[in-house]
Amino acid sequence: MNKNYSVILSEASKRAQRVEGAQPKNPEGARARHTATLLFNLCTLAAISMVATAAHAQAIMVDTTIKPGITAIVGGKLLTVTHGTIENGVLLMENGKITAAGPAASVKVPKNATIIDAKGMTVYPGLIDAETNLGLTEVASDQVNNDLVETSEEIFPNMHVYDAFHAETEHIPIDRYNGITNAVVAPRASDTMPGQDSFIQLAGRDRDQMLLNRDVSLAMNFGNGPKRGGRGEGAGGGRYPSTRMGEITQLRQALIDAQEYMKARASGTSKSDDTASGKEGKGGKPGSKFDLKNEALIPYLKGERPVIIGVEEGHDVEAIMELAQEFHLKVVLSRLTHAQGVLDKIASYHVPVIVGPIYELPEAGERYDAVYSLPAELQKRGVKVTIASYDNEFLRNLPYAAGYAVAYGLPYDEALKSITLYPAEIFGVADKLGSLDAGKTANVVIANGDPLDVRTNVKQVYIDGIAIPMVTRQTRLRDEYTPKQ
Amino acid sequence: MPATTPHPVRVSPLLYCAFAFSAVSLFATSAHAQTIPDLVIKNATVMTASHGTIEHGAVWLHNGKIAGVGATVNAPPGATIIDAAGKYVTPGIVDPHSHSALGNDVNEATSPVTPSMMMIDAFDNNDRALYFALAGGVTTELLLHGSANMIGGQNISIKNRFGRSRDEMLFAGAPRTIKFASGENPKRVYGSKGQLPSTRMGNFEVMRQSFEDAKVYKAGWDSYNAKVAKGDKDAVAPHRDLKLEALSDVLSGKLLVEIHCYRADEFLTEEAIAKEYGYKIRAFHHALEMYKVGGEIAKDGTGIATFADWWGFKDEAWDAIPWNAVMSMREGVKVALKSDSNDFVRRLNQEAGKMVHYGGATEDEAIRMITLNAAWIMGVDDKVGSLDIGKDGDVVIWNTDPLSSYARAEKVFIDGDLYFDSSLPGYGTTHFTGVMHGGGFGGSDDESAEDAQVGGGN
Numbered sequence: 120m121n122k123n124y125s126v127i128l129s130e131a132s133k134r135a136q137r138v139e140g141a142q143p144k145n146p147e148g149a150r151a152r153h154t155a156t157l158l159f160n161l162c163t164l165a166a167i168s169m170v171a172t173a174a175h176a177q178a179i180m181v182d183t184t185i186k187p188g189i190t191a192i193v194g195g196k197l198l199t200v201t202h203g204t205i206e207n208g209v210l211l212m213e214n215g216k217i218t219a220a221g222p223a224a225s226v227k228v229p230k231n232a233t234i235i236d237a238k239g240m241t242v243y244p245g246l247i248d249a250e251t252n253l254g255l256t257e258v259a260s261d262q263v264n265n266d267l268v269e270t271s272e273e274i275f276p277n278m279h280v281y282d283a284f285h286a287e288t289e290h291i292p293i294d295r296y297n298g299i300t301n302a303v304v305a306p307r308a309s310d311t312m313p314g315q316d317s318f319i320q321l322a323g324r325d326r327d328q329m330l331l332n333r334d335v336s337l338a339m340n341f342g343n344g345p346k347r348g349g350r351g352e353g354a355g356g357g358r359y360p361s362t363r364m365g366e367i368t369q370l371r372q373a374l375i376d377a378q379e380y381m382k383a384r385a386s387g388t389s390k391s392d393d394t395a396s397g398k399e400g401k402g403g404k405p406g407s408k409f410d411l412k413n414e415a416l417i418p419y420l421k422g423e424r425p426v427i428i429g430v431e432e433g434h435d436v437e438a439i440m441e442l443a444q445e446f447h448l449k450v451v452l453s454r455l456t457h458a459q460g461v462l463d464k465i466a467s468y469h470v471p472v473i474v475g476p477i478y479e480l481p482e483a484g485e486r487y488d489a490v491y492s493l494p495a496e497l498q499k500r501g502v503k504v505t506i507a508s509y510d511n512e513f514l515r516n517l518p519y520a521a522g523y524a525v526a527y528g529l530p531y532d533e534a535l536k537s538i539t540l541y542p543a544e545i546f547g548v549a550d551k552l553g554s555l556d557a558g559k560t561a562n563v564v565i566a567n568g569d570p571l572d573v574r575t576n577v578k579q580v581y582i583d584g585i586a587i588p589m590v591t592r593q594t595r596l597r598d599e600y601t602p603k604q
Numbered sequence: 005m006p007a008t009t010p011h012p013v014r015v016s017p018l019l020y021c022a023f024a025f026s027a028v029s030l031f032a033t034s035a036h037a038q039t040i041p042d043l044v045i046k047n048a049t050v051m052t053a054s055h056g057t058i059e060h061g062a063v064w065l066h067n068g069k070i071a072g073v074g075a076t077v078n079a080p081p082g083a084t085i086i087d088a089a090g091k092y093v094t095p096g097i098v099d100p101h102s103h104s105a106l107g108n109d110v111n112e113a114t115s116p117v118t119p120s121m122m123m124i125d126a127f128d129n130n131d132r133a134l135y136f137a138l139a140g141g142v143t144t145e146l147l148l149h150g151s152a153n154m155i156g157g158q159n160i161s162i163k164n165r166f167g168r169s170r171d172e173m174l175f176a177g178a179p180r181t182i183k184f185a186s187g188e189n190p191k192r193v194y195g196s197k198g199q200l201p202s203t204r205m206g207n208f209e210v211m212r213q214s215f216e217d218a219k220v221y222k223a224g225w226d227s228y229n230a231k232v233a234k235g236d237k238d239a240v241a242p243h244r245d246l247k248l249e250a251l252s253d254v255l256s257g258k259l260l261v262e263i264h265c266y267r268a269d270e271f272l273t274e275e276a277i278a279k280e281y282g283y284k285i286r287a288f289h290h291a292l293e294m295y296k297v298g299g300e301i302a303k304d305g306t307g308i309a310t311f312a313d314w315w316g317f318k319d320e321a322w323d324a325i326p327w328n329a330v331m332s333m334r335e336g337v338k339v340a341l342k343s344d345s346n347d348f349v350r351r352l353n354q355e356a357g358k359m360v361h362y363g364g365a366t367e368d369e370a371i372r373m374i375t376l377n378a379a380w381i382m383g384v385d386d387k388v389g390s391l392d393i394g395k396d397g398d399v400v401i402w403n404t405d406p407l408s409s410y411a412r413a414e415k416v417f418i419d420g421d422l423y424f425d426s427s428l429p430g431y432g433t434t435h436f437t438g439v440m441h442g443g444g445f446g447g448s449d450d451e452s453a454e455d456a457q458v459g460g461g462n
């Protein structure tokens with residue numbers, strides 16, 4: 120067995136032995152441990168007090184700059200996503216890319232490769248969460264550190280989550296520990312158009328290395344949630360829009376304004392360009408005023424980037440799709456939960472659907488499994504179903520949601536795609552991510568079993584071909600308090 | 005005290021429960037059970053929770069109780085047989101921490117000390133959260149007061165006989181339990197009103213003062229009862245105060261104390277206060293930092309009802325680690341998992357599955373965390389929580405290993421009676437008719453800080 124790999128496994132098994140083999144301690148041992156605990160706490164306290172405003176976020180950054188050398192993961196079961204399951208497979212990685220993924224019989228391992236023995240293990244592409252709030256919040260209840268959504272206006276396509284994305288969040292190592300290597304960061308869905316999403320990688324030297332696509336898509340929401348006067352953040356009673364009519368009108372006006380702006384800029388005259396003092400924008404025609412809000416919508420009006428429409432209910436889907444079609448938006452339906460009545464209609468739109476969270480409670484009169492079975496029902500109708508966590512603390516459980524969809528009828532291969540290839544397709548990165556194929560980014564996970572099963576342990580994560588230290592704030596606490604033999 | 009306490013205004017909680025329970029007992033043993041034919045589930049993988057897993061095993065239910073468990077059982081020829089080849093059988097899942105079916109009445113958040121609040125008074129037996137729980141294999145639940153108050157109300161233990169009347173859903177013979185809380189929730193609720201407690205110092209001072217008052221009250225009644233026992237006909241009964249009476253019952257050990265708290269230092273403080281006033285703490289709920297002091301708390305015999313992997317939703321959950329349950333168990337703490345949520349109650353089996361992942365629990369240990377240990381937290385482990393002869397016939401048949409992502413509860417039996425069958429059309433319920441009620445409070449507010457601010461904490 121290769122050295123590298125024995126490190127991985129023996130660390131894990133040592134931990135397990137330490138925990139499982141724990142005997143009742145003598146008082147001296149216990150006291151010593153408490154002293155250590157106290158020192159640890161004091162150190163932690165000191166560290167925290169030095170960074171008072173970002174008390175919790177001290178994650179270790181992992182530089183994923185490409186390093187020379189070839190890595191070969193051999194003997195594992197490869198879940199390629201695109202070309203089936205390969206028992207006893209070989210996966211080669213070099214220069215941050217996958218260079219081969221196939222059966223041991225047909226992939227030659229170069230002599231100079233570092234061999235990782237993955238016998239008995241399952242190897243699969245890094246998982247992708249299609250909607251999260253990663254880096255926008257640390258401790259959910261700490262409002263002072265939350266940057267979930269700018270609430271001062273509802274129409275804010277010019278809000279960019281990358282401006283708030285906190286790369287050092289402790290959440291990122293904890294989520295990648297369970298095999299999640301990429302995610303979309305979106306503003307909270309409490310406004311009709313709260314901003315643009317970023318596509319990130321869950322490792323990097325700094326923020327810039329982790330932001331793979333800063334403005335990957337536009338967040339749009341419709342239904343009960345974005346009503347002002349509801350329970351949304353900053354909701355003041357009676358503010359516009361307080362109904363669905365208001366939401367649609369507000370969105371339509373914003374899109375019309377942007378359309379007119381786009382046309383005016385294309386022809387060199389802008390409505391807002393009515394004074395000599397009009398600020399000249401970058402890239403604008405002479406004399407035209409650069410308007411951040413309208414400018415932000417142009418790529419979406421041109422259909423160049425997807426608009427992720429958060430909409431839960433069936434009748435809301437129909438209403439918002441009319442608007443989307445009016446402006447020829449490149450639509451992805453998201454947050455779908457209570458749409459069992461219009462499944463065929465949804466399929467007829469031929470748009471990708473992000474379902475979930477599938478743990479949403481059924482509505483009055485619905486059977487207990489009405490939401491659990493939604494991915495399967497959509498898939499039966501030919502819809503490419505993506506599953507997202509829409510979360511921060513529970514993000515690491517993304518693969519289990521996909522597994523639960525299997526329990527309620529989604530074919531296993533589709534469930535795996537729902538958190539790998541399909542989100543990669545939606546966000547335009549399927550040429551780089553979402554499967555074990557030569558030429559793609561070497562975001563690879565080795566686990567001791569089925570990735571969708573709650574009992575499975577991830578043993579090693581690679582991002583850009585770099586072996587990520589399997590250490591998180593939580594493993595550090597675990598190891599600190601695990602009784603020493 | 006209850007024996008000689010006059011009850012001029014209100015039936016005492018103990019007697020009240022006793023009445024209800026005796027009615028249920030009659031019902032369960034005579035009205036129902038005799039009409040249910042014997043049932044044998046055979047060829048299943050039987051996870052007993054108390055004595056390991058039996059491959060190709062059988063479970064025999066007779067008169068609402070478990071009459072046999074093993075490779076074979078000696079059931080009478082007329083018994084109904086379910087061939088469960090390829091399927092798994094477990095005891096009914098027990099959730100020792102829920103706020104389901106209490107509508108918006110989870111917290112009497114008008115005073116930090118409200119021990120005379122009776123959760124039975126808020127119980128809505130038609131709440132659909134109970135249905136969702138049943139469909140997840142949950143047959144027993146502890147419905148608790150919220151965590152807004154240092155000393156909240158008295159909880160109710162139910163059997164999830166969904167579709168039966170309110171009183172028929174009560175768990176006959178379950179001990180009385182009371183909810184305490186400390187930490188951020190009471191701090192926030194009362195601090196935001198400019199009231200005591202707004203700090204942890206305030207938290208515990210409120211508790212100490214309450215028990216000081218209860219000591220005086222109890223002494224008054226003890227003295228009175230002693231006089232009456234000696235035949236003193238002139239003895240004058242002290243004033244009866246429902247709040248102090250409940251606290252006095254805590255001091256007398258008549259209530260199992262269930263405490264919401266998160267931090268290691270709070271476990272130690274709570275244990276010290278309990279020792280000072282002479283009561284025992286049955287369990288810490290949430291208890292996300294138990295891995296730090298498990299060895300100490302194990303000595304006090306206090307268990308925990310914890311989350312599998314919740315973390316980061318508030319400051320006092322910042323040091324939560326998903327290994328907490330298994331590490332605490334290895335230190336000798338009795339560990340149960342719980343939902344605190346109308347969502348998670350539906351899949352506690354998966355939460356248990358995570359314990360195999362985080363810390364390497366055996367399947368037996370993992371199942372016990374959502375059955376036998378959870379029943380112990382409620383004080384009903386002599387009646388439910390494992391597949392043992394004589395225990396209640398609460399049994400779940402699963403399509404596959406319940407600890408996997410792929411498990412669905414297919415059939416749920418309570419007291420030998422089928423209450424849920426996923427193959428049935430509609431809801432899949434067998435006893436429910438009518439209209440289910442909405443979820444009201446909707447379970448945990450520890451699930452999100454936003455909810456907590458609205459709900460006051462549970």
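Taken in order, these protein sequences are the chains called A and B. Okay, so the first sequence: first residue is 120 according to the working numbering, each after it adds one. Okay, so the second sequence: first residue is 5 according to the working numbering, each after it adds one. Here a beta-carbon is modelled for each residue, glycine too, at the ideal position from N, C-alpha and C.
query: Could you please give me the residues that DSSP links to Val209 of chain A through a beta bridge?; result: A:Val193 and A:Gly221
query: Residues in its own chain within less than 7 Å of Ala395 of chain A by CB, not counting five upstream and five downstream?; result: Any reading at Ala395 of chain A must be qualified, since the residue scores a pLDDT of 42, below 50, and its modelled position is unreliable; no value is offered.
query: Taking 9 Å as the cut-off, decide whether the C-beta atoms of Tyr92 of chain B and Pro326 of chain B are in contact.; result: no
query: Just the chain B side, please: which residues come within less than 9 Å of Ala526 of chain A by C-beta, in chain order?; result: Asn403, Thr404, Ser408, Ser409, Tyr410, Ala411 and Arg412
query: Which whole-angstrom value describes the C-beta separation of Val416 of chain B and Thr94 of chain B, a residue pair presumed to lie in contact below a C-beta threshold of 8 Å?; result: Not confirmed; about 10 Å, so no contact.
query: Going by DSSP, which residues form a beta bridge with Ala566 of chain A?; result: A:Thr241 and A:Val577
query: If you drop the 5 nearest sequence neighbours on each side, which residues of the same chain put their C-beta closer than 8 Å to that of Lys316 of chain B?; result: Note on residue identity: the sequence assigns Gly, not Lys, to residue 316 of chain B. Hits under 8 Å: Trp322 and Ala324.
query: Do the CB positions of Lys247 of chain B and Val261 of chain B come within less than 9 Å of each other?; result: no
query: Thinking C-alpha only, which one of B:His149, B:Ser102, B:His55 and B:Gly68 is nearest Tyr423 of chain B?; result: B:Gly68
query: Would you say Thr310 of chain B and Leu292 of chain B are within 9 Å of each other, going by their C-beta atoms?; result: yes
query: Show which residues of chain B have a CB atom less than 9 Å away from the CB atom of Gln593 of chain A.; result: Trp315, Asp323, Ala324, Ile325, Pro326 and Trp327
query: Mind checking the stretch 283-306 of chain B against chain A and listing, in chain order, the residues whose C-beta falls within less than 7 Å of any C-beta there?; result: Tyr295, Lys296 and Gly299
query: Quick one: which unbroken beta strand (DSSP E) runs of 3-plus residues sit fully inside the stretch 516-575 of chain A? Chain order, please.; result: 563-566
query: Tell me which residues share the same chain as Pro100 of chain B and place their Cβ nearer than 7 Å to its Cβ, disregarding the 5 neighbours each side in the sequence.; result: Leu146, Ala309, Ala340, Lys342, Ala378, Ile381 and Met382
query: Once the 5 residues before and after Ile545 of chain A are set aside, which same chain residues still bring their CB inside 7 Å of it?; result: Ala249, Pro425, Val451, Pro471 and Thr505
query: Near Thr218 of chain A, which residues of its chain fall below 6 Å by C-beta distance, leaving aside the five closest residues on each side in sequence?; result: Leu211 and Ala557
query: Can you pull the chain A neighbours of Leu358 of chain B, defined as C-beta to C-beta under 9 Å?; result: Per the sequence shown, the amino acid found at residue 358 of chain B is Lys instead of Leu. Those are Asn516, Tyr519, Val573 and Arg574, listed as they occur along chain A.
query: Return the CA-CA distance between Leu246 of chain A and Ser120 of chain B, expressed in angstroms with no decimal places.; result: 50 Å
query: Since Leu391 of chain B and Thr52 of chain B are thought to touch, with beta carbons under 8 Å apart, how far apart are those beta carbons, to the nearest angstrom?; result: 4 Å
query: With Val337 of chain B and Ile301 of chain B assumed to form a contact (beta carbons below 8 Å), what rounded beta-carbon distance in angstroms separates them?; result: 6 Å
query: Which one of A:Glu272, A:Ala322, A:Asn301 and A:Leu555 has the shortest CA to CA distance from Leu517 of chain A?; result: A:Asn301
query: Cβ of Gly522 of chain A less than 9 Å from any chain B Cβ?; result: yes
query: Whose C-beta lies closer than 7 Å to the C-beta of Tyr410 of chain B among residues of the same chain, with five residues either side of it excluded?; result: Thr404
query: Looking at the unbroken beta strand (DSSP E) that takes in Trp380 of chain B, where does it start and where does it end?; result: Note, Trp380 of chain B: premise wrong, no beta strand (DSSP E); alpha helix (DSSP H) at Leu376 to Met382.
query: What does the Cβ neighbour count give for Met364 of chain A, buried or exposed, with the cut at 16 atoms within 10 Å?; result: exposed
query: Taking the beta carbon of Tyr359 of chain A as the centre, do at least 16 other beta carbons fall within 10 Å, making it buried, or is it exposed?; result: exposed
query: Name, in chain order, the residues that DSSP records as bridge partners for Val416 of chain B.; result: B:Val400 and B:Phe424
query: Determine, using beta carbons only, whether Thr437 of chain B comes closer than 9 Å to chain A.; result: no
query: Does the distance between the C-beta of Val349 of chain B and the nearest non-hydrogen atom of the ligand FMN fall short of 8 Å?; result: As far as ligands go, the structure on display features none, and thus does not contain the ligand FMN.
query: How is Ser336 of chain A classed by DSSP in three states: helix, strand or coil?; result: strand
query: Check whether the Cβ atoms of Asp419 of chain B and Gly389 of chain B lie closer than 9 Å to each other.; result: no
query: Assuming Val280 of chain A contacts Gln320 of chain A (C-beta within less than 8 Å), just tell me the rounded distance between them.; result: Rounded, the Cβ-Cβ distance is 15 Å, inconsistent with contact.
query: So Ala139 of chain B contacts chain A; which residues on that side make the cut at Cβ distance below 8 Å?; result: Tyr487 and Asp488
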